[in-house]
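Just so we're aligned: 414 in the working numbering is position 401 of the sequence shown, and the numbers increase by one with no gaps anywhere.
First up is the structure itself, then whatever we jot down about it.
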Amino acid sequence: MKPTAGATARGPLIAACLAALVIAGYFQFPGHVYLQSDTQIYAPILEHLQNPALFRKELIVEYPHVSLTLYDECALLLRKLTGLDLERALAIPHLVTRFLGLAGFYLMASAAGLSPPFALFVTACLSLGANIPGPSVLVFEYEPVPRGFAVPLVYLAVGLAAHKRWLGAGIAASAGFLFHPPSTYPFWGAFAILMLWPGDRKRRSLALIPLVCAMAVLFAASGGVGSQSLFRKIEPLEESLQRLRASYVWVSNWAPAWMPHYAVLLAVLGLALSRIRSHTSPELRLFAAAMPLIGIASVPVSYLLLERGGFSLMPQFQPARALLFVAVMTVFAAAAAGCWAVTGKRHAEAAVWFAIAYAIPARVKFSAPPTWKMAAVVAGLALAAAIGKRTALAVAALAAFFVIPLGVGFRNYPALEHEELRGLSKWAREATPVDSVFLFPDAARDLHPGIFRARALRAVYVDWKAGGQVNFFKAMGEEWWKRWQAAMTRPPDFALYRTLGIDYVVVQSKHAIAGKAPAFENSAYRAYRVED
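This is the structure in structure tokens:
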């Protein structure tokens with residue numbers, strides 16, 4: 014089965030296969046989730062924008078960080094058009110952008126000269142996603158957050174650019190820019206390099222038209238200026254809070270442990286690209302090399318500008334998250350090299366390349382030996398794919414969605430929500446005043462207060478997750494820390510809670526407060542009215 018480029022006549026069948034991969038990836042692995050991480054921040058902001066009567070006493074909504082994106086406008090429009098709740102409305106662009114991201118991967122694989130079966134196999138490898146340790150970012154975000162919409166659009170832009178579809182590439186990357194500008198800078202950096210090449214610069218420049226329009230839209234939507242201060246020096250307290258709550262932004266916290274891993278990936282990527290060089294379009298070669306190099310360079314740049322220069326823009330821009338493209342392009346190039354090795358009947362070589370492609374979503378650290386479970390799972394999948402038959406490719410592609418999480422033995426995200434928490438949230442939403450403020454004094458760093466906030470549509474005085482905004486707003490960080498110190502570092506004090514404006518206190522049942530009658534209780538929680 015010799016790879017050949019093109020095969021556009023099979024468009025509907027290919028689209029159906031991509032849709033199947035989206036479903037497998039969304040519902041099985043890497044999966045999707047809601048209110049596990051950043052959606053705990055976005056949900057109350059969006060609910061307040063939809064209904065200003067909600068969360069009027071909530072710290073999070075006092076400092077919304079969506080003014081420089083169209084994420085909020087998109088979410089609110091979808092809710093209005095569909096009548097769905099926020100969770101289901103956000104699932105629509107989450108699924109659509111995942112599909113578009115896989116379409117981009119397929120286009121990249123076809124630009125590497127691969128026939129549809131091989132191109133779909135490469136796409137399946139990439140659709141497994143990957144965790145990017147250190148900067149804490151994902152190939153496919155589990156949650157419907159702005160970055161989760163923007164990054165797949167960048168994948169689509171690369172695929173279109175690999176086929177010289179410049180206007181389409183510009184539209185895709187600019188749409189990503191509208192959702193999350195920092196996620197798109199590796200693409201535009203690589204495109205700037207491309208513009209220096211001799212050739213048809215006039216046609217390439219078509220990609221810039223949508224970008225200019227997108228910048229104008231965001232400028233107008235934000236009122237011309239953002240609410241964040243971008244060009245000042247970070248103060249000592251601000252730095253300490255960011256290192257506490259957003260440590261991934263400070264590359265010195267993780268670079269010594271993880272940069273050897275990315276250095277190995279970059280070397281592997283270079284070798285893989287050399288193996289497929291004669292089959293790939295010049296444009297694809299440039300993006301596949303330049304975007305990872307931008308990712309590697311982003312680490313020392315972040316260190317110099319943030320940790321030496323102290324510029325406040327860096328914790329918001331988070332350039333080191335471009336390391337994502339080191340992993341993405343390594344999976345792509347390794348899988349493509351494996352396919353071409355199969356075509357040349359070099360099955361042992363193919364198995365090695367496929368093992369690399371599967372090792373990244375299996376969370377193998379390339380600067381350290383893998384566990385025996387990781388090695389067994391990766392080797393089994395690689396050997397199955399290296400047989401090279403269509404059936405073997407399909408089996409390996411589909412089996413990976415189940416074998417990697419089960420065989421390696423990890424979950425991408427914990428099961429945080431449970432029936433008792435839903436019961437508490439339902440009671441608060443239906444039986445307490447809309448402006449009520451809740452406190453979970455024994456929650457420590459647990460994430461269940463943030464889930465409660467979004468499900469109950471009630472303000473939480475302070476919780477650990479809300480502190481994740483410290484890298485965006487200095488004043489918010491200081492107020493969050495003041496509240497944390499006042500309410501979360503001492504035994505329950507109802508007299509103090511009254512002065513802080515807290516209406517209800519929720520503790521775990523094992524920490525029930527003696528002599529105080531609860532307003533609500535179940536097997537997991539006790540809720541007390543402060544004024545009682």
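The C-beta atom is built at its ideal place from N, Cα and C for all residues, glycine as well.
What is the DSSP secondary structure of residue i, counted as helix, strand or coil?
i	result
Arg539	strand
Ile247	coil
Phe40	helix
Gln521	strand
Glu534	strand
Ala234	helix
Gly322	coil
Leu259	Per the sequence presented here, residue 259 reads as Ala, with Leu not at that position. Coil at Ala259, not helix or strand.
Leu460	coil
Ala409	helix
Asp85	helix
Met14	For Met14, the pLDDT reaches just 43, beneath the cut-off of 50, and the residue's location in the model is therefore unreliable, leaving the point undetermined.
Pro25	helix
Tyr426	coil
Trp385	helix
Ala527	coil
Ser80	coil
Leu90	helix
Lys478	helix
Lys402	coil
Gly418	The amino acid occupying residue 418 in the given sequence is Pro; Gly does not appear at that position. If DSSP states are grouped into helix, strand and coil, Pro418 belongs with the helices.
Glu544	coil
Ser50	coil
Ala33	helix
Taking C-alpha atoms, which residue in the options lies nearest to residue i?
i	options	result
Arg160	Arg111, Ser123, Trp179	Arg111
Ala116	Val520, Ala170, Ile289	Ala170
Leu34	Thr82, Leu317, Val447, Ala413	Ala413
Val365	Ala349, Arg376, Ser380, Lys378	Ala349
Arg468	Ile27, Ala441, Gly514	Ala441
Ile369	Cys138, Gly44, Ser50, Leu48	Cys138
Arg511	Ala132, Arg542, Leu151	Arg542
Gln255	Ser187, Ala525, Glu491	Glu491
Val344	His274, Ala372, Tyr39, His292	Ala372
Gly528	Asp516, Ser536, Phe507, Ala537	Phe507
Met387	Glu362, Gln41, Pro418, Arg258	Pro418
Gln331	Thr136, Tyr168, Pro313, Val341	Pro313
Ala444	Arg69, Ile464, Tyr517, Val390	Tyr517
Leu127	Glu320, Val158, Thr356, Glu100	Thr356
Ile73	Leu83, Ala182, Leu62	Leu62
Leu326	Phe423, Met228, Lys246	Lys246
Val519	Ala537, Thr502, Leu513, Arg503	Ala537
Gln53	Ala530, Pro531, Leu460, Thr502	Leu460
Leu81	Val46, Ala229, Arg23	Ala229
The alpha helix (DSSP H) spanning residue i covers which residue range?
i	result
Leu326	326-330
Leu452	Leu452 -> not in any alpha helix (DSSP H); beta strand (DSSP E) instead, spanning 450-452.
Leu470	No alpha helix (DSSP H) holds Leu470; DSSP gives it neither H nor E.
Ala66	Unbroken run through Ala66: none, as it is neither H nor E.
Thr293	Note, Thr293: premise wrong, no alpha helix (DSSP H); not H, not E.
Ala349	337-356
Tyr275	268-289
Glu443	432-444
Leu72	72-75
His360	360-372
Phe200	198-208
Leu191	179-192
Lys378	Taken as a continuous stretch (DSSP letters only), Lys378 belongs to no alpha helix (DSSP H), as it is neither H nor E.
Please go through the same chain and pick out, in chain order, the residues whose beta-carbon is closer than 6 Å to the beta-carbon of residue i, but skip the five residues on each side of it.
i	result
Lys487	Glu251
Val238	Here Val238 scores only 45 on pLDDT, less than 50, and its place in the model should not be relied on; the value that follows carries that caveat. No residues qualify anywhere along the chain.
Pro199	Met304, Ile307, Ala335, Phe338
Val475	Arg496, Trp497, Ala500
Met489	Tyr76, Gln482
Pro146	Trp271
Ala361	none
His78	Phe485
Comparing the CB of residue i with every heavy atom of the ligand ADP, is any distance shorter than 7 Å?
i	result
Arg376	The model on display carries no ligand, and the ligand ADP is accordingly not part of it.
Please work out which residues of its chain come closer than 8 Å, Cβ to Cβ, to residue i, disregarding the five sequence neighbours upstream and downstream, and give them in chain order.
i	result
Ala102	Ala88, Leu91, Arg92, Thr95
Phe153	Gly38, Pro43, Arg111, Gly114, Ser140, Gly142, Gly161, Val164, Pro165
Cutting at 7 Å between CB atoms, please list the residues of its own chain near residue i, excluding the five before and the five after it.
i	result
Pro462	Phe453, Ala456, Val473, Asp476
Leu297	Met121, Ala124, Ala125, Ala175
Ala405	Ala397, Ala398
Val447	Ala66, Leu67
Leu429	Gln49, Leu460, His461, Ile464
His524	Asp455
Leu26	none
message: Report the start-end ranges of each alpha helix (DSSP H) in the segment 95-171 that is 4 residues or longer and not cut off at the edges.
response: Counting whole runs of 4 or more residues, the segment 95-171 contains the alpha helix (DSSP H) stretches 99-124, 129-140.
- request: Give, in chain order, every unbroken run of the alpha helix (DSSP H) that is at least 4 residues long and sits entirely within the segment 488-517.
  value: 507-513
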